[in-house]
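> Please see the structure below; I have some questions.
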């Protein structure tokens with residue numbers, strides 16, 4: 001099949017075995033392989049971006065889908081996360097028992113699970129720093145659960161989940177699916193009057209995916225965390 005995409009200079013590139021460029025100005029067709037040469041192997045680069053775990057849009061978001069940034073999962077130790085994200089990151093000691101890793105718009109939040117930590121019953125109380133919160137606030141090709149990316153439209157995001165009523169009603173609390181009880185699988189769309197933006201939350205009972213939108217109803221930031229947290 002033919003794949004068409006537009007170049008910066010408004011010429012049309014038709015990808016059909018060989019690259020042919022149609023110049024709108026004089027309608028001449030020229031063989032032009034140079035078009036792709038100024039992009040440093042875009043294919044290699046794209047393959048390094050993280051793709052979401054396979055999912056079924058008719059099913060509620062599941063705990064197995066909470067994998068991001070190359071294989072990072074909630075509850076991992078500080079060392080396990082460092083091994084996955086490799087280098088070029090910054091570590092911040094936020095407070096006693098709390099530290100963060102910053103890298104490429106990601107914020108990884110670690111908490112020392114010890115006797116002072118009350119609500120993480122499923123994690124061992126061993127004094128080890130574990131990941132309980134991750135957010136992404138800058139554009140990235142990386143996907144969060146359900147293939148959601150920064151910049152996606154609200155319609156795109158909602159289409160990746162089950163639910164009968166996805167009309168944008170500007171309600172403070174609009175159930176998309178599930179039963180509104182702690183510990184249950186559920187998804188809620190909220191409109192915040194203070195910034196006139198939507199927020200979508202999908203919860204498994206164990207973990208939470210938060211999608212924050214801007215005033216144009218495009219994804220502005222993404223976050224996942226342990227539900228009890």
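In my numbering, the protein residues as written are 1 to 229.
Positions of the beta carbon are idealized from the N, C-alpha and C atoms, including for glycine.
Of the residues 64, 60 and 50, which one's Cα is nearest the Cα of residue 158?
Closest by alpha carbon: 60.
> I think residue 66 touches residue 74, with their Cβ atoms under 8 Å apart; what is that distance to the nearest whole Å?
So it is a contact: roughly 6 Å between Cβ atoms.
> Considering only the alpha carbon of each residue, which of 84, 49 and 63 lies closest to residue 208?
If we check each option's Cα against that of residue 208, 63 comes out closest.
> Under a three-way DSSP split, which group does residue 156 fall into?
Helix at residue 156.
> Do the CB positions of residue 200 and residue 211 come within less than 7 Å of each other?
Contact: yes.
> Label residue 187 either buried or exposed according to how many other C-beta atoms from any shown protein chain fall within 10 Å of its C-beta, with 16 as the threshold for buried.
With 16 or more Cβ atoms within 10 Å of its Cβ, residue 187 is classed as buried.
> Select from 53, 214, 50 and 58 the residue whose C-alpha is nearest the C-alpha of residue 164.
Cα-wise, what sits closest to residue 164 is 58.
> Which residue marks the beginning of the alpha helix (DSSP H) containing residue 80, and which one marks its end?
Where residue 80 is concerned, the enclosing alpha helix (DSSP H) stretches over 78-85.
> Have a look at residue 181 and residue 143 and give me their C-alpha separation to the nearest angstrom.
Cα to Cα, residue 181 sits roughly 28 Å from residue 143.
> Taking 7 Å as the cut-off, decide whether the C-beta atoms of residue 105 and residue 137 are in contact.
Cβ distance < 7 Å, so residue 105 and residue 137 count as in contact.
> What are the boundary residues of the beta strand (DSSP E) that residue 133 is part of?
Unbroken beta strand (DSSP E) run through residue 133: 129-136.
> Can you give me the Cβ contacts of residue 215 inside the same chain, cut-off strictly under 7 Å, excluding the 5 residues immediately before and after it?
The answer, listed in chain order, is 196 and 197.
> Counting only the same chain and skipping the five closest in sequence on each side, list residues whose C-beta sits under 7 Å from that of residue 71.
84, listed in sequence order.
> Could you tell me whether the Cβ atoms of residue 146 and residue 160 are closer together than 7 Å?
A contact, by the Cβ cut-off of 7 Å.
> With H, G and I counted as helix, E and B as strand and the rest as coil, what does DSSP make of residue 196?
Residue state, collapsed to three classes: coil.
> Helix, strand or coil: how does DSSP classify residue 223 here?
In this structure, residue 223 counts as strand in the three-state DSSP scheme.
> Measuring only the C-alpha atoms, how far is residue 112 from residue 224?
C-alpha separation (whole angstroms): 18 Å.
> How far does the beta strand (DSSP E) with residue 100 in it reach, from first residue to last?
Start and end: 98-103.
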